[in-house]
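One line per chain: the protein sequences are A and B, in this order. With the numbering used here, you'll find the first sequence wraps up at 312, consecutive numbering, no jumps. With the numbering used here, you'll find the second sequence wraps up at 258, consecutive numbering, no jumps. Here a beta-carbon is modelled for each residue, glycine too, at the ideal position from N, C-alpha and C. Have a look at the structure below before the remarks.
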Amino acid sequence: MIRYLLLCLMVLLPIAGRGQCFSSAGNPVGGSGNTGTLDKGTLSVVGYYKYALSDRYFEGSQLSEVDIIRNANYNYLGTLLAYGVTNTVTLETELGYFINKTKNYRIPEGYSLKGFGLSNAAISAKYQIYYNPEKKIEFSAAAGIKFPFSPNSKEVDHVRLPFDLQPSTSALGMIMQAYLIKQHSLSGMRYFLYNRMEVNGVNKDGYRYGNTLTNSIFISRHLIRTSNWPVSGTVIMQVRNEIRGRSYINKVAEPSSGSVKVYVSPQLNLAFVEKWNLSFLVDIPVYQYYTNLQLADKVGFAIILVKPVEL
Amino acid sequence: MKNPLFKLILLIGMSVSLINCEKKPEEGKDTPLVFSDIQARRQMILAGDTTRIWATASGYQITYHWSVEKGDLLGSGSEVTYLATPCTVGDNTVVCKVMDGNGQEMTRQVVITVF
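In structure tokens form, the structure reads like this:
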């Protein structure tokens, strides 16, 4: 059961680091996604790395010829600690750090701006609303708050970074999540449905990042099930829809904000002697719609490491 | 250290040092903060274009703090470049706050209109 939950955890975690893109504004919560509740006394320690690249503009759903920015990218490290307080209640903390969040300009040529620093942290509680061990169905829901480590926007050389390069929202926010999990033991297939809503508050500069709604469907299947083999593998296919609302500056909607995206994210998970889990995934946008003109996603990838600890 | 004579010599030495240690005022510390001007090379530009903005100020250990709601500011110090990114059509207020080493600050702003 624990292994199964950890797999779910790894599947959903990378939902964190991506999505805050550049023109589409808003910032990720540290570790983000988790799935299912942990058994009582179980601690799960997760670390992950995420890279994302944007190098083109979209106007609506069409590629634009605007090329002010040569490219933009970020490198992000995230952690998540989850602890099973009881068999039905799990507490989670999320934390992340942007190693960089960079825009390289074409106009003026050679310039770049780089943001970095701690992202928002989050604390949430998850409750297992329904669990049927015979049918292997679980439904859980979580709610929590996310908060910045500083209410002030990040400055570099006394110049405030653009809001899309800020490492955090610099404001309080709320997170709500829902998880529906169905497992078929004989076929080794698993199905997850995951929804996450993030509501952002207004920061000291009067900026409010757009709220986000993420809906993901995952299908996973075991590759290797030999008992004497120290490594077992699972392939996972995720289809994810992200809807980002408009951002506001002093209660006025930012024209180039808000988007609808669909990603396909193939993922490979390797479990080493049931003690360590290592996972790789690639984020490929297959549909993107942006309000007005915005810098669009190109590709992303993540590496995730999970270590369960029985306390 | 138990010798009273040694203590006396030490005390006299320290006193002489303190008397002779004339405290020099930090150079320029009394200079008042003056933020005389902020200008943009062009105040009306097209989206995707840039314009140079500079501030003129004087004072003790001054630093220039820049911010704008929409658009990107490149560079630092007394002069920056404003880049009108696609979301900046309309009036955009670039704010410069000058702070000095005495904790004083003055703020000025310039509006860049993007078409």
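Could you tell me the distance, in whole angstroms, from the CA atom of Y288 of chain A to the CA atom of Y264 of chain A? For the purposes of this step, residue 288 of chain A is taken as residue 287 along the first sequence, with counting starting at 1. For the purposes of this step, residue 264 of chain A is taken as residue 263 along the first sequence, with counting starting at 1. Between Y288 of chain A and Y264 of chain A, the C-alpha separation is close to 7 angstroms.
With respect to the beta strand (DSSP E) encompassing W230 of chain A, which residues constitute its N-terminal and C-terminal limits? What you label residue 230 of chain A is simply residue 229 of the first sequence in a count that begins at 1. Here W230 of chain A belongs to no beta strand (DSSP E), and DSSP marks it neither H nor E.
Which residue's Cα is closest to the Cα of T292 of chain A: A:D298, A:A123 and A:R247? Within the first sequence, numbered from 1, the residue matching residue 292 of chain A stands at position 291. With distances taken between Cα atoms, T292 of chain A lies closest to A:R247.
Touching or not, the stretch 188-195 of chain A and the stretch 203-222 of chain A, by the rule of three or more beta carbon pairs under 8 angstroms? Yes: at least three Cβ pairs fall under 8 angstroms.
Closer than 7 angstroms by beta-carbon distance: list the chain B residues that pair up with E66 of chain A, in chain order. As a first step, residue 66 of chain A must be located in the first sequence, where it is residue number 65. Here the premise fails: no neighbours, minimum Cβ distance about 11 angstroms.
Just checking, does the stretch 150-165 of chain A make contact with the stretch 46-55 of chain A on the three C-beta pairs under 8 angstroms criterion? Contact fails: fewer than three Cβ-Cβ distances are below 8 angstroms.
Does the stretch 84-98 of chain A come into contact with the stretch 62-74 of chain A, if we say contact requires no fewer than three beta-carbon pairs (one atom in each stretch) closer than 8 angstroms? The stretch 62-74 of chain A and the stretch 84-98 of chain A do not touch, with fewer than three beta-carbon pairs separated by less than 8 angstroms.
Which listed residue (A:S125, A:N229 and A:V203) has its alpha carbon closest to that of K252 of chain A: Taking the first sequence and counting its residues from 1, the one referred to as residue 252 of chain A is at position 251. Nearest option by C-alpha distance: A:V203.
Determine, for G191 of chain B, whether the minimum Cβ-Cβ distance to residues of chain A falls below 8 angstroms. Numbered from 1 along the second sequence, position 48 holds the residue referred to as residue 191 of chain B. Nearest CB-CB separation between G191 of chain B and chain A: below the 8 angstroms threshold.
Short-range partners of chain A found in the stretch 189-219 of chain B, where Cβ spacing is below 9 angstroms: The stretch 189-219 of chain B vs chain A, Cβ under 9 angstroms: A190, G191, D192, T193, T206, Y207, H208, W209, S210, V211, E212, K213, G214, D215, L216, L217, G218 and S219.
Please return the same chain residues whose Cβ sits closer than 7 angstroms to the Cβ of S259 of chain A, not counting the five positions on each side in sequence. In the first sequence, residue 259 of chain A corresponds to position 258, counting from 1. According to the sequence provided, residue 259 of chain A is Gly. The question's Ser does not apply to it. Excluding residues within five positions, the ones whose Cβ falls inside 7 angstroms are G211, R245, G246, R247 and T292.
Between A:N72, A:K136 and A:V236, which has its C-alpha nearest R107 of chain A's C-alpha? Here the question's residue 107 of chain A lines up with position 106 in the first sequence. Per the Cα distances, A:N72.
To which residues does DSSP link D56 of chain A through a beta bridge? Here residue 56 of chain A refers to the residue found at position 55 when the first sequence is read from its first residue. D56 of chain A is not bridged to any residue.
Are at least three pairs of beta-carbons, each pair with one atom in the stretch 115-122 of chain A and one in the stretch 178-187 of chain B, less than 8 angstroms apart? Verdict: no, contact absent.
Residue from A:P109, A:A179 and A:L224 whose Cα sits closest to the Cα of N216 of chain A: Within the first sequence, residue 216 of chain A is the residue found at index 215, counting from 1. Nearest to N216 of chain A by C-alpha distance, out of A:P109, A:A179 and A:L224, is A:A179.
Kindly indicate which three-state DSSP category S248 of chain A falls into: helix, strand or coil? Locating residue 248 of chain A in the first sequence gives position 247, where the first residue counts as 1. In the three-state reduction of the DSSP assignment, S248 of chain A falls in the coil class.
Listed by chain order, chain B residues near P109 of chain A by CB distance under 8 angstroms: In the first sequence, counting from the first residue as 1, residue 109 of chain A sits at position 108. Taking the beta carbon of P109 of chain A as reference, the chain B residues within 8 angstroms of it are T193, L217, T224 and L226, listed in sequence order.
Give me the chain A residues within the contact set of V232 of chain B, using Cβ-Cβ distance strictly less than 8 angstroms, ordered along the chain. By 1-based counting over the second sequence, the position of residue 232 of chain B is 89. By Cβ distance, chain A contributes P256.
Compute the distance between the beta-carbons of Q184 of chain A and K137 of chain A, then report whether it is under 8 angstroms. Here residue 184 of chain A is taken as the residue at index 183 of the first sequence, counted from 1. Here residue 137 of chain A is taken as the residue at index 136 of the first sequence, counted from 1. If you check the CB distance, Q184 of chain A and K137 of chain A come in under 8 angstroms.
Is it right to say K102 of chain A is buried, meaning 16 or more other beta carbons lie within 10 angstroms of its own, or is it exposed? For the purposes of this step, residue 102 of chain A is identified with residue 101 of the first sequence, where counting begins at 1. It is buried - the Cβ of K102 of chain A has at least 16 other Cβ atoms within 10 Å.
On the DSSP bridge list, what partners appear for C230 of chain B? Your numbering for residue 230 of chain B matches position 87 in the second sequence. Answer by DSSP bridge pairing: none, since C230 of chain B is not bridged.
Using the three-state DSSP reduction, which class does L194 of chain A fall into: helix, strand or coil? Position 193 of the first sequence holds residue 194 of chain A. Note: L194 of chain A maps to strand in three-state DSSP.
Determine the burial state of D68 of chain A: buried for a count of at least 16 other Cβ atoms within 10 Å of its Cβ, exposed for fewer. In the first sequence, the residue the question calls residue 68 of chain A occupies position 67. Exposed is the call here.
By Cβ distance, which residues of its chain are closer than 7 angstroms to K104 of chain A, with the 5 residues on each side in sequence left out? In the first sequence, counting from the first residue as 1, residue 104 of chain A sits at position 103. Result list for K104 of chain A: F23, I70, A73, S113, L114 and L166, in chain order.
L54 of chain A and K262 of chain A: beta carbons closer than 8 angstroms? Here residue 54 of chain A refers to the residue found at position 53 when the first sequence is read from its first residue. Here residue 262 of chain A refers to the residue found at position 261 when the first sequence is read from its first residue. No, the pair does not count as a contact, with Cβ atoms beyond the cut-off.
Hey, out of A:F164, A:A254, A:L173 and A:Q268, whose CA is closest to G214 of chain B's CA? Residue numbering aside, residue 214 of chain B sits at position 71 when the second sequence is read from its first letter. A check of alpha carbon separations from G214 of chain B across A:F164, A:A254, A:L173 and A:Q268 identifies A:F164 as the nearest.
Would you mind working out which of A:P309, A:I176 and A:S141 sits nearest K147 of chain A, comparing C-alpha positions? The residue you call residue 147 of chain A lines up with position 146 of the first sequence. For K147 of chain A, the closest alpha carbon among the candidates A:P309, A:I176 and A:S141 is that of A:I176.
From A:L187, A:S169 and A:Y195, residue whose alpha carbon lies closest to that of N201 of chain A: Mapped onto the first sequence, residue 201 of chain A falls at position 200. Relative to N201 of chain A, the option among A:L187, A:S169 and A:Y195 whose CA is nearest is A:S169.
Whose C-beta lies closer than 6 angstroms to the C-beta of F258 of chain B among residues of the same chain, with five residues either side of it excluded? Within the second sequence, residue 258 of chain B is the residue found at index 115, counting from 1. Excluding positions up to five away in sequence, the list reads L189.
Check whether the Cβ of P229 of chain B lies closer than 8 angstroms to any Cβ atom in chain A. Residue numbering aside, residue 229 of chain B sits at position 86 when the second sequence is read from its first letter. So yes, P229 of chain B belongs to the interface.
Simplified DSSP assignment, three categories, for P149 of chain A: Counting from one through the first sequence, the residue named residue 149 of chain A turns up at place 148. Coil.
Leaving out five residues before and five after C230 of chain B in sequence, what residues of the same chain have Cβ atoms less than 7 angstroms from its Cβ? As a working note, residue 230 of chain B is residue 87 in the second sequence. Excluding positions up to five away in sequence, the list reads K213.
Following the continuous beta strand (DSSP E) through D284 of chain A, name the residue where it begins and the one where it ends. By 1-based counting over the first sequence, the position of residue 284 of chain A is 283. For D284 of chain A, the uninterrupted beta strand (DSSP E) segment begins and ends at W277 to A297.
Using a Cβ-Cβ distance under 8 angstroms, would D298 of chain A count as near chain B? Within the first sequence, residue 298 of chain A is the residue found at index 297, counting from 1. It does not: the Cβ of D298 of chain A has no partner Cβ on chain B nearer than 8 angstroms.
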